[in-house]
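Chemist: Before anything else, here's the structure in question.
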Amino acid sequence: MERQKDPTQKHSRDTALTTSYVRAFSVLYYFLDTEKASRMLFPPSHYCNTPGCTNTNTLRDKAGPLKAVLYTLSDGACTTFSTHLSCPSCRARYYPNYVVRDGTRTYYDQIPSAVQVAEHQYVERAVLNLFTNLLLISWTSATNGAHVYNETLSQPEKRPDHPDWMDISFKLHPEHVWDGFLLISLLEQGGTIL
């Protein structure tokens with residue numbers, strides 16, 4: 089006799105939720121519902137593409153979405169969430185901009201729309217193009233480029249006052265300008281392993 093499955097129990101590997109998922113997604117839903125975080129950053133693929141890897145299942149997200157700041161031209165410094173996925177077979181870790189295999193960071197072939205410049209900071213490509221032009225045409229320093237962004241484009245009135253975001257800095261720093269400028273320049277020259 090074949091055992092019947094209980095329809096109230098869903099044990100799919102793609103839909104299993106852990107306590108950390110519930111906590112992370114409750115914060116995520118709050119911000120999406122209140123339009124405080126309208127953007128999500130994901131790796132471009134949800135399947136492992138490591139040569140020789142036998143995993144054909146979707147990749148796993150163990151940490152849940154992570155809070156981040158996205159610096160944009162049109163909306164200023166925005167709240168966003170980033171996620172990274174991992175392959176249980178080959179241990180590759182997929183991030184929105186790159187994959188880490190055996191300790192080597194490899195950027196994806198396609199230049200991302202937002203470049204990660206710090207652990208919780210991403211800069212939109214249009215902002216990096218602005219910084220590139222400021223650096224090359226008017227000889228603006230990275231410090232002054234960051235200052236111009238913070239004073240004229242960051243839109244501080246849009247920053248959330250929710251306690252979950254109090255530990256995240258929305259201020260763009262000169263190091264972010266330099267890191268973004270160098271990364272986008274190298275990626276535009278066709279490099280993927282930097």
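Under my numbering, think of the first position of the sequence shown as 89, with each following residue one higher.
Positions of the beta carbon are idealized from the N, C-alpha and C atoms, including for glycine.
1) With which residues is threonine 192 paired in a DSSP beta bridge?
2) Measure the C-alpha to C-alpha separation of leucine 241 and glycine 164 and round it to an integer number of angstroms.
3) What residue does the beta strand (DSSP E) around alanine 165 start on, and which one ends it?
4) For the stretch 165-176 and the stretch 136-155, state whether three or more C-beta atom pairs, one from each stretch, are separated by less than 8 Å.
5) Using the C-alpha atoms, what's the distance from tyrosine 182 back to glycine 268?
6) Based on the DSSP secondary-structure assignment, which residues constitute the bridge partners of leucine 158?
7) In three-state terms, what does DSSP make of leucine 216?
8) From the DSSP output, read off the bridge partner residues of arginine 181.
9) Am I right that leucine 271 and tyrosine 210 are in contact with their C-beta atoms under 8 Å? What's the rounded C-beta distance?
10) For alanine 230, does the three-state DSSP call read helix, strand or coil?
11) Can you look up leucine 271 in the DSSP assignment and give me helix, strand or coil?
12) Please say whether threonine 167 and tryptophan 253 have beta carbons closer to each other than 8 Å?
13) So, is the C-beta of serine 242 closer than 8 Å to a C-beta in chain C?
14) What do you reckon, are the CB atoms on proline 139 and tyrosine 196 nearer than 8 Å?
15) Taking DSSP as the reference, what is the three-state secondary structure of threonine 240?
Modeler: Here's the rundown:
1) Position 104 of the sequence shown, counted from the start, is the residue given in the question as residue 192. DSSP lists Arg189 as partners of threonine 192.
2) Taking the sequence shown and counting its residues from 1, the one referred to as residue 241 is at position 153. Taking the sequence shown and counting its residues from 1, the one referred to as residue 164 is at position 76. Distance between the alpha carbons of leucine 241 and glycine 164: 5 Å.
3) Stepping through the sequence shown from its first residue, residue 165 is reached at position 77. Run containing alanine 165: 165-170, per the beta strand (DSSP E) assignment.
4) yes
5) Along the sequence shown, read from residue 1 onward, the residue named residue 268 stands at position 180. Along the sequence shown, read from residue 1 onward, the residue named residue 182 stands at position 94. Whole-angstrom Cα-Cα distance: 20 Å.
6) Residue mapping note: residue 158 aligns to position 70 of the sequence shown, counting from 1. DSSP lists Cys166, Tyr210 as partners of leucine 158.
7) Numbered from 1 along the sequence shown, position 128 holds the residue referred to as residue 216. Helix.
8) Here the question's residue 181 lines up with position 93 in the sequence shown. Bridge partners of arginine 181: Ser174, Val188.
9) Within the sequence shown, residue 271 is the residue found at index 183, counting from 1. Within the sequence shown, residue 210 is the residue found at index 122, counting from 1. Actually they are not in contact, since the Cβ atoms of leucine 271 and tyrosine 210 sit about 11 Å apart, beyond 8 Å.
10) In the sequence shown, counting from the first residue as 1, residue 230 sits at position 142. DSSP places alanine 230 in helix when its eight states are reduced to three.
11) Walking along the sequence shown from the start, residue 271 turns up at place 183. Residue state, collapsed to three classes: helix.
12) Your numbering for residue 253 matches position 165 in the sequence shown. Your numbering for residue 167 matches position 79 in the sequence shown. Yes.
13) Of the protein chains in the structure, only one exists, and it is not chain C.
14) For the purposes of this step, residue 139 is identified with residue 51 of the sequence shown, where counting begins at 1. For the purposes of this step, residue 196 is identified with residue 108 of the sequence shown, where counting begins at 1. It is not a contact, given that the beta carbons lie outside the stated cut-off.
15) Position 152 of the sequence shown, counted from the first residue, corresponds to residue 240. Threonine 240 falls in the helix class under three-state DSSP.
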